[in-house]
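Asker: Below you'll find the structure I mean.
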Amino acid sequence: MHKCGRRCQHGHDLGRHCFGARSNSRWDNNELGGNPMTPLEKLKAMKMPFAELKGVEFVEAEKDRVVARMTVRPDLCTLHHTIHGGAVMALADSVGAAATVINLPEDAKGTTTLESKTNFIGGAKEGTTLIATATPVHRGRRTQVWTTRLETEDGKLVAVVTQTQLVLV
0 MHKCGRRCQH GHDLGRHCFG ARSNSRWDNN ELGGNPMTPL EKLKAMKMPF AELKGVEFVE
60 AEKDRVVARM TVRPDLCTLH HTIHGGAVMA LADSVGAAAT VINLPEDAKG TTTLESKTNF
120 IGGAKEGTTL IATATPVHRG RRTQVWTTRL ETEDGKLVAV VTQTQLVLV
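Everything in the sequence shown is counted per numbering that gives the first Met the number 0, starting at 0 for the first residue and increasing by one.
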């Protein structure tokens with residue numbers, strides 16, 4: 000077991016570092032028996048406390064696209080029952096970071112956000128479910144850049160976020 004003591008939902012050691020999956024790690028091959036975990040299974044197996052606090056649910060994950068949803072709760076709103084800008088940015092940051100994690104090079108120890116830019120386009124009222132979709136702009140050995148679109152379930156654009164993630168080695 001890894002020093003952090005965490006295991007995936009299948010009981011496999013989460014690897015060398017608590018940031019989870021590596022594309023060439025033991026849990027991507029059959030060394031441990033069974034089928035390799037999908038990127039979505041890896042994200043769901045990881046502990047992301049701040050994402051959990053906000054109610055982020057990952058629903059799709061591939062190397063080129065990660066999708067999550069979050070319901071706009073009262074504690075994520077402004078006085079006018081509209082989602083707070085910080086909650087929008089935090090959702091996008093969580094999804095972009097998760098996308099980076101499933102694309103980390105084998106020798107990486109994790110990731111952290113270097114820069115983030117948010118274009119607010121519209122609002123979302125309390126009770127609305129937001130869909131955040133992250134797609135890559137650049138995936139290098141030292142940095143990755145992701146664009147995350149946040150939309151309501153009916154397709155109304157709320158924000159577009161571009162973030163740069165540092166690959167920790």
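Where is the CB? At the ideal position from N, CA and C, for every residue including glycine. These figures come from a predicted structure and were not determined experimentally.
Does the pairing of the region 72-82 with the region 110-121 give three or more beta-carbon distances under 8 Å?
Answerer: no
Asker: Should K155 and G121 be called a contact, given that it needs their Cβ atoms to be closer than 7 Å?
Answerer: The Cβ atoms of K155 and G121 lie closer than 7 Å to each other.
Asker: Mind pulling the beta strand (DSSP E) runs of 3 or more residues that sit fully within the region 106-150?
Answerer: Fully enclosed beta strand (DSSP E) runs of 3 or longer: 109-119 and 128-138.
Asker: Could you give the residue range of the alpha helix (DSSP H) that holds T99?
Answerer: It spans G84 to V100 - the alpha helix (DSSP H) in which T99 sits, taken as one unbroken run.
Asker: Among T81, M69 and E61, which residue has its Cα nearest to the Cα of K53?
Answerer: M69
Asker: By alpha-carbon positions, which one of V157, E51, F119 and R64 ends up nearest to T99?
Answerer: R64
Asker: By a C-beta neighbour count over all protein chains shown, 10 Å radius and 16 as the cutoff for buried, is V136 buried or exposed?
Answerer: exposed
Asker: Could you pull the DSSP bridge partners for V65 from this structure?
Answerer: A60 and A133
Asker: Taking the straight line between their C-alpha atoms, what separation do you get for P48 and S93?
Answerer: When rounded, the distance between both Cα atoms is 10 Å.
Asker: With a threshold of 8 Å on Cβ separation, who are the neighbours of N28 within its own chain once the five nearest residues in sequence on each side are excluded?
Answerer: Residue confidence for N28 is low, a pLDDT of 46 falling below 50, so the modelled location carries little weight; the figure read from the coordinates is stated next. So the qualifying residues of the chain are P35.
Asker: Reducing DSSP to helix, strand and coil, say where L103 ends up.
Answerer: Correct three-state label for L103: coil.
Asker: Give every residue of the same chain whose Cβ lies closer than 7 Å to the Cβ of L167, excluding the five residues on either side of it in the sequence, and list them in chain order.
Answerer: A107, K108, G109, T110 and T111
Asker: Can you round the beta-carbon distance between T117 and V160 to whole angstroms, since I take them to be within the 8 Å contact cut?
Answerer: 5 Å
Asker: Enumerate in chain order the residues of its own chain whose CB-to-CB distance from A133 is below 6 Å, with the five nearest sequence positions on each side excluded.
Answerer: V65, V94, G95, A98, W145 and T147
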